[in-house]
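A.B. asks: Just dropping this structure here.
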Amino acid sequence: MDFIIDLGRYMADHSAELIDLTIEHILMVIYAIFLALVVGIPLGILAAKFKKLAPVILSLVNILQLIPSIAMLAILLLYFGLGFQTVVIGLFLYSLLPIVRNTYVGVREVADGVTEAGKGIGMTPFQLLMKVEFPLSIPFLMAGLRVAAVIAVAVATIAPYIGGGGLGREIISGISFQNDIRIYAGAVPAAALAIIADLILGIVEKRTKKRFAS
Amino acid sequence: MIQLKNINKVYEDGFQALKGIDLTFEEGKINVLIGPSGCGKTTTMKLLNRLIDYTEGELTIDGKRIKDINPIDLRRQMGYVIQSIGLFPHMTIYDNVAAVPKLLKWDKERIATKVDELLKMVDLDPEVYKSRYPNELSGGQQQRIGVIRALAAEPKIILMDEPFSALDPISREQLQDELVKLQEDIQKTIIFVTHDMDEAIKIADQIILMRDGQVVQKGTPHDLLTSPANEFVEEFIGAERLEQAKGLPPMTAFVDEDFPYATITQSVDDVISLMVTHKKDQLPVVDAEEKYIGIASLYDAVRSTDKPLTELVNRKIIAYRRTAEVEKFVASKDTIAPIIEPDDTYIGVLDQELLLEKLHEKFGSKSGVTS
Ligand SMILES: Nc1ncnc2c1ncn2[C@@H]1O[C@H](COP(=O)(O)OP(=O)(O)O)[C@@H](O)[C@H]1O
Ligand SMILES: [Mg+2]
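Keeping their order, the protein sequence lines are chains R and X.
Residues in the first sequence are numbered consecutively from 1, following the UniProt record's numbering.
Residues in the second sequence are numbered consecutively from 1, following the UniProt record's numbering.
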């Protein structure tokens, strides 16, 4: 009980710093997710449209996901050096799999009758993609986005090892100073962020599902 | 006119789905492709909008080789209705119906007017349904939207691949009736795939019966019913339908040519006295060229003697072709059946007493009723 009161007092005293760290944390995640969407959606679409490319693309992003996060960040460190951008690139690579895979599944799942109708009324392949296939894959994409965001929020806590910031800084300082309170002061908001991201994106996902249900 | 000459289709896996198809789809008519599952109906239909290309032969539309027409343009000029309906689930009914006009870049107002008009045509109130999504409609309503989506850009040709077979029997019959009624106004060249013989008989002007990638017989429903080409056709049509068809000759056999009729230029008073002298309460009305226009009824005439005959004529009462089956009249609710030549020239009306006699002969004996 005392511990919780101490933690509360510490967090209140350092609220300005903690808020800054939280914002930084969120920013890293947003940049990474944004990049993952920009790269992942086209990759997912390519995989869905070209049967031969699908295994190549999907196994590549799968492998990325399998690399342990510390190892991944270490490798990136070799190429990009210390800093914010290296963290963003790392998080981006982690977020890629759920986005690519869900876009792929979403486009593939569009009912045959619907794509046939689109073709049959004279849509070009590009129009079919933009007006029918991609919009109908959005509920799947939203589910992927949700998973990606939660992963990114969690992985971002190790950012300070490669020169990034965010709530991980508080956790890592806590570890080095053997200060439990500081560890929790970083971990609790980080966990809260993950939960909030999950909840909000969960609601968005449900909405899109309702809207696009056939 | 759509002509297929000696068309072969071999799929990539080497399977020959079509073997030497020779066909003409009649313009402005409902052409029904029928046959057992896997006989090549869908393949034949998809040749027409180039979702499938044939491997040999020649397919022309109005004399133009289909392979010289850009497939995208071709599809936009052709309605397409499929069994799974295929409405776009994320688009409103309005956007679904407007899909092709939008691709053709019609201006907004023209699209809006067209969508309203089409929804009204299938008895769906635009104000209620325009902003709904497909999943908020019943299956029958969804396929009505499917049909009007195909009509939206005013195509001359409409392809329908088993459009009603996934619907419940009641909606199916309704949509069949509506299609027949609709076709009287729109006069499109319709290619309609089905495996249901009753459906074919009901809606077809021309039936094309296929088997194993070949055409076995083509002709009017009456042709097939009265002179099936071989055992396969007989079997496909079914003994019961053949038996029914045998008894009753076509409309021609029942024409009452002496039935009085009026000419559109006559005065209403003249028409009334004509009815009175002949003791008739309904008269067919023809134009100066003896083409059938509609029916004038005594009831309407006496109520508005000051109006010209043109306004009194009920144009909704359809006339039957000379070659039509009498069953079509028996199934309708009309009380008078004008009979016309294919070019609409009036011949006479159906002699209902004679029909009753024949029906009695045919069914009376069967059911044990004696007179
Ligand atoms: N893409 C394809 N590749 C190989 N065979 C096909 C293909 N599409 C259809 N077929 C075969 O061609 C035949 C005719 O098919 P289809 O035209 O769809 O028949 P239906 O009369 O039932 O509409 C069937 O035996 C079917 O299995
Ligand atoms: Mg078929």
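Glycine included, C-beta positions come from ideal geometry on N, C-alpha and C.
(1) Check residue 5 of chain X in the structure and name its three-state DSSP category.
(2) Since residue 88 of chain X meets chain R, which of its residues come closer than 7 Å, beta carbon to beta carbon?
(3) Locate the beta strand (DSSP E) running through residue 214 of chain X, then write down its first and last residues.
(4) Compare the Cα-Cα distances from residue 12 of chain X to each of X:84, X:52, X:60 and report the closest residue.
(5) Below 8 Å between beta carbons: does that hold for residue 191 of chain X and residue 33 of chain X?
(6) Rounded to whole angstroms, what's the CA-CA distance from residue 294 of chain X to residue 268 of chain X? Just pull it up for me.
(7) Which residue comes first and which comes last in the beta strand (DSSP E) that contains residue 160 of chain X?
(8) Indicate whether at least one CB of chain R lies closer than 8 Å to the CB of residue 49 of chain X.
(9) Note down the Cα distance separating residue 110 of chain R from residue 186 of chain X, rounded to an integer number of angstroms.
(10) Quick one: which chain R residues come within Cβ less than 7 Å of residue 99 of chain X?
(11) Considering only C-alpha positions, which residue in the set X:75, X:253, X:201, X:47 is nearest to residue 238 of chain X?
(12) For a contact defined as C-beta to C-beta under 8 Å, what are the partners of residue 80 of chain X on chain R?
(13) Residues bridged to residue 25 of chain X by DSSP?
(14) Using a 10 Å radius around the Cβ and a threshold of 16 neighbouring Cβ atoms, would you call residue 70 of chain R buried or exposed?
(15) What in chain X is Cβ-close to residue 66 of chain R, meaning under 9 Å?
(16) Closest by CA to residue 151 of chain R, which one among R:121, R:106, R:119, R:94?
(17) List the residues of chain C that residue 336 of chain X touches, going by C-beta distances under 8 Å, in chain order.
(18) Of the choices X:7, X:6, X:16, whose alpha-carbon is the least far from that of residue 212 of chain X?
(19) Is residue 37 of chain X near ligand 1, going by C-beta to nearest heavy atom under 7 Å?
(20) Residue 8 of chain R: which of R:186, R:193, R:203 sits nearest, CA to CA?
(21) Going straight from the alpha carbon of residue 23 of chain R to that of residue 149 of chain R, what length do you get?
(22) Please tell me whether, using a cut-off of 7 Å, the distance from the CB of residue 42 of chain X to the nearest non-hydrogen atom of ligand 1 is below it.
(23) Residue 135 of chain R CB to nearest chain X CB: under 8 Å?
(24) Is the CB of residue 157 of chain R under 8 Å away from at least one CB in chain X?
(25) Does the stretch 316 to 330 of chain X touch the stretch 339 to 354 of chain X, meaning 3 or more C-beta pairs lie closer than 8 Å?
(26) Spell out the partners DSSP gives residue 297 of chain X in its beta bridges.
(27) Using DSSP with H/G/I as helix, E/B as strand and the rest coil, what is residue 208 of chain X?
(28) Entirely within the stretch 39 to 118 of chain X and at least 3 residues each: give me those beta strand (DSSP E) ranges in chain order.
(29) Using a C-beta cutoff of 8 Å, does residue 172 of chain X count as contacting chain R?
(30) If you pair each beta-carbon of the stretch 115 to 132 of chain R with each one of the stretch 98 to 105 of chain X, do three or more pairs fall below 8 Å?
(31) Looking at C-alpha atoms only, which residue of R:5, R:18, R:14, R:2 is the closest neighbour of residue 165 of chain R?
(32) Would you be able to state if there are at least three C-beta pairs under 8 Å between the stretch 140 to 151 of chain X and the stretch 57 to 70 of chain X?
(33) Taking C-beta pairs closer than 8 Å, name the residues in chain R that residue 76 of chain X reaches, listed in chain order.
(34) Which whole-angstrom value describes the C-beta separation of residue 146 of chain R and residue 205 of chain R, a residue pair presumed to lie in contact below a C-beta threshold of 8 Å?
(35) Residue 161 of chain X: beta carbon under 7 Å from a heavy atom of ligand 2?
(36) Going along chain R, which residues have a C-beta under 8 Å from residue 103 of chain X?
C.D. replies: Let me lay it out:
(1) DSSP places residue 5 of chain X in strand when its eight states are reduced to three.
(2) Going along chain R in sequence order, the residues near residue 88 of chain X (Cβ under 7 Å) are 114, 132.
(3) Unbroken beta strand (DSSP E) run through residue 214 of chain X: 214 to 219.
(4) When only C-alpha atoms are compared, the closest one is X:52.
(5) In terms of Cβ geometry, residue 191 of chain X and residue 33 of chain X form a close pair [threshold 8 Å].
(6) Cα to Cα, the separation comes out at about 14 Å.
(7) For residue 160 of chain X, the enclosing beta strand (DSSP E) starts and ends at 157 to 161.
(8) For residue 49 of chain X, the answer is yes, since a Cβ of chain R falls inside 8 Å of its Cβ.
(9) The straight-line gap from Cα to Cα measures roughly 33 Å.
(10) Close to residue 99 of chain X, with beta-carbon spacing below 7 Å, are these residues of chain R in chain order: 121.
(11) The residue from X:75, X:253, X:201, X:47 with its alpha-carbon nearest to that of residue 238 of chain X is X:201.
(12) Going along chain R in sequence order, the residues near residue 80 of chain X (Cβ under 8 Å) are 117, 120, 121.
(13) In the DSSP output, where bridge partners are listed per residue, residue 25 of chain X has X:2.
(14) Label assigned to residue 70 of chain R: exposed.
(15) Near residue 66 of chain R there are no residues of chain X at all, since even the closest Cβ is about 35 Å away, more than 9 Å.
(16) From the listed residues R:121, R:106, R:119, R:94, the smallest Cα separation to residue 151 of chain R is found for R:94.
(17) Absence of chain C from the displayed structure is noted, the protein chains being R and X.
(18) Of X:7, X:6, X:16, the residue nearest in Cα terms is X:16.
(19) The nearest non-hydrogen atom of ligand 1 is less than 7 Å from the C-beta of residue 37 of chain X.
(20) Checked all of R:186, R:193, R:203; the closest Cα to residue 8 of chain R is R:186.
(21) Between the alpha carbons of residue 23 of chain R and residue 149 of chain R lies a distance of about 15 Å.
(22) At least one heavy atom of ligand 1 is nearer than 7 Å to the Cβ of residue 42 of chain X, so yes.
(23) Residue 135 of chain R counts as touching chain X.
(24) Chain X contact via Cβ: absent.
(25) Touching, per the Cβ criterion.
(26) Answer is X:282.
(27) Strand, per DSSP.
(28) Counting whole runs of 3 or more residues, the stretch 39 to 118 of chain X contains the beta strand (DSSP E) stretches 56 to 61, 78 to 82.
(29) Output row for residue 172 of chain X: interface = no.
(30) Judged by Cβ distances under 8 Å, the stretch 115 to 132 of chain R makes contact with the stretch 98 to 105 of chain X, as three or more pairs qualify.
(31) Selection R:5, R:18, R:14, R:2 evaluated against residue 165 of chain R yields R:18 as nearest (Cα-Cα).
(32) With a cut-off of 8 Å on Cβ pairs, the stretch 57 to 70 of chain X is not in contact with the stretch 140 to 151 of chain X, counting fewer than three such pairs.
(33) In chain order: 121, 122.
(34) The pair is a contact, with the Cβ atoms about 6 Å apart (cut-off 8 Å).
(35) Closer than 7 Å to some heavy atom of ligand 2: that describes the Cβ of residue 161 of chain X.
(36) Result: 121, 122, 123, 127.
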